[in-house]
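Counting from 1017, one number per residue, gives the positions in the sequence shown under our numbering.
Glycine included, C-beta positions come from ideal geometry on N, C-alpha and C.
A quick write-up on the structure given underneath.
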Amino acid sequence: MSKPTHLEPSELGTKEYWDNLYAAEISNHAHNPADTGTVWFDDSDAEAKLIDFLAEQQEQQLLSEETTSFLDLGTGNGSLLFGLRDAGWRGRMLGVDYSRQSVEFARRIAESRSRSQDHNSNSNSNSYPDADADATESQPAREPPVEFLEHDILRTPASALLAGARQPHGWDVVLDKGTFDAISLSPETDPATGRRASESYRARVAPLVRDNGGLFLVTSCNWTEEELRSWFEGARKDGEEEEEEAKGWRFDLVGRVEYPSFSFGGVKGQTISSLCFRKVRDT
Ligand SMILES: C[S@@+](CC[C@H](N)C(=O)[O-])C[C@H]1O[C@@H](n2cnc3c(N)ncnc32)[C@H](O)[C@@H]1O
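Next comes the structure, spelled out in structure tokens:
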């Protein structure tokens, strides 16, 4: 399958755009803590559908609610990870973004969630003033924190998200909701090869996904399912640079999320697409 033609660059492909957006969202949140900013593809109910899709993988025992680790690339306000926590997933979660303001914003939301949990557990314990032991038992277990980190997927080495105490064998599920879209709109090209930023994305993502079984779940409004397949499915693409130790892998398509479709001029389409790939090692 050949790669689709490139998108016309736009401001959504620049870091400045995202820095300004999240700076404005931080200020809105400071005035109104209930305002947690933009949820991308909300009109397609993407977040809920992705969470349902992951729950199905758990029902088939492909993932574990207790231990599955999640890495969210281009996390924005971290909403997808918070949604997964609310749905009961308790494994390690890290959201990364190249915008410092995004990371600051997501951390602030995490702090207000933690404060409201403290508040709820205090008010629960106040309702059992004479029975401390019962009060402790009746409180839900505290939710593990969601971590956030500044990280440029195209420039910071993948090892920063793998080495040491991070996730040495890769993340069980790597999420991308709208980030490949943004990267596909970047005006930047490699000065040596003339290649667009989107062309190096796949090779940057792959080392982050756990070998043999890790999932990459990507959601896009700019690319159709067929185009996403041609970007991500299979083994090494033409001109793709791979780190030596990351060679010999491929992405197999293992699932898709169903969205309402429309018909226009005899052509059927969807407003957004989410595809799930499993990383497999060629042995
Ligand atoms: C359309 S927004 C999606 C935000 C979030 N995933 C959501 O669904 O609400 C795209 C995000 O990708 C981030 N981003 C773009 N290029 C990036 C890069 N090279 N490295 C890390 N993050 C990037 C932007 O800062 C922005 O937060």
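- Under the DSSP assignment, leucine 1096 falls in the alpha helix (DSSP H) whose first and last residues are 1095 to 1102.
- Within the DSSP bridge table, the entry for aspartate 1197 names no partner.
- Residue pairing by DSSP places glutamate 1166 opposite Asp1113 in a beta bridge.
- Exclusion of the five residues before and after aspartate 1227 leaves His1185, Gly1186, Trp1265, Lys1295 and Arg1297 as the residues of its chain whose Cβ lies within less than 8 Å of its Cβ.
- Taking one beta carbon from each stretch, the region 1073 to 1080 and the region 1090 to 1102 have fewer than 3 pairs nearer than 8 Å; the two do not touch.
- The region 1057 to 1090 contains, as complete alpha helix (DSSP H) runs of 4+ residues, the segments 1062 to 1075 (chain order).
- The three-state reading of DSSP puts glutamine 1286 in strand, counting E and B together.
- The three-state secondary structure of leucine 1177, taken from DSSP, is helix.
- When secondary structure is reduced to three states using DSSP, serine 1026 falls in the coil class, being assigned neither helix nor strand.
- Between proline 1203 and proline 1049, the C-beta gap is not smaller than 8 Å, which leaves the two residues out of contact.
- In the DSSP assignment, glycine 1271 forms a beta bridge with Cys1292.
- Boundaries of the alpha helix (DSSP H) around serine 1246: 1241 to 1248.
- When the Cα atoms are used, leucine 1165 and arginine 1123 turn out to be separated by approximately 9 Å.
- Between the alpha carbons of threonine 1287 and tryptophan 1056 lies a distance of about 13 Å.
- Taken atom to atom, the span from the alpha-carbon of threonine 1030 to that of isoleucine 1169 is near 14 Å.
- A distance criterion of 7 Å places the beta-carbon of valine 1189 beyond contact range of ligand 1, judged by its closest non-hydrogen atom.
- Taking leucine 1178 as reference, the option from Lys1193, Leu1224, Pro1161 and Val1283 with the minimal CA-CA separation is Leu1224.
- When the five nearest sequence neighbours on each side are left out, the beta carbons in the same chain lying within less than 6 Å of the beta carbon of glutamate 1163 are those of Leu1110, in order along the chain.
- Taking each of Glu1249, Lys1193 and Gly1210 in turn and checking the Cα distance to alanine 1219, the smallest one comes out for Glu1249.
- Assigned with DSSP and collapsed to three states, arginine 1158 falls in coil, not helix or strand.
- About 13 Å separates the Cβ atoms of tyrosine 1033 and glutamate 1041, ruling out a contact at the 8 Å cut-off.
- Looking at the backbone, the Cα of isoleucine 1067 and that of arginine 1101 are separated by about 10 Å.
- For valine 1221, the enclosing alpha helix (DSSP H) covers residues 1217 to 1221.
- One alpha carbon belongs to threonine 1054, the other to phenylalanine 1121, and they sit about 12 Å apart.
- Cα atoms of alanine 1174 and phenylalanine 1267: separation of roughly 18 Å, rounded to the nearest angstrom.
- The beta carbon of histidine 1022 sits closer than 6 Å to the beta carbons of Arg1212 from its chain, once the five residues preceding and following it are set aside; these are given in chain order.
- A distance criterion of 7 Å places the beta-carbon of isoleucine 1288 beyond contact range of ligand 1, judged by its closest non-hydrogen atom.
- One thing to note: asparagine 1238 has its Cβ within 8 Å of the Cβ of aspartate 1197.
- In this structure, proline 1161 sits away from alanine 1208, with a CB-CB distance that is not shorter than 8 Å.
- Distance from the CA atom of serine 1060 to the CA atom of threonine 1205, rounded to whole angstroms, is 32 Å.
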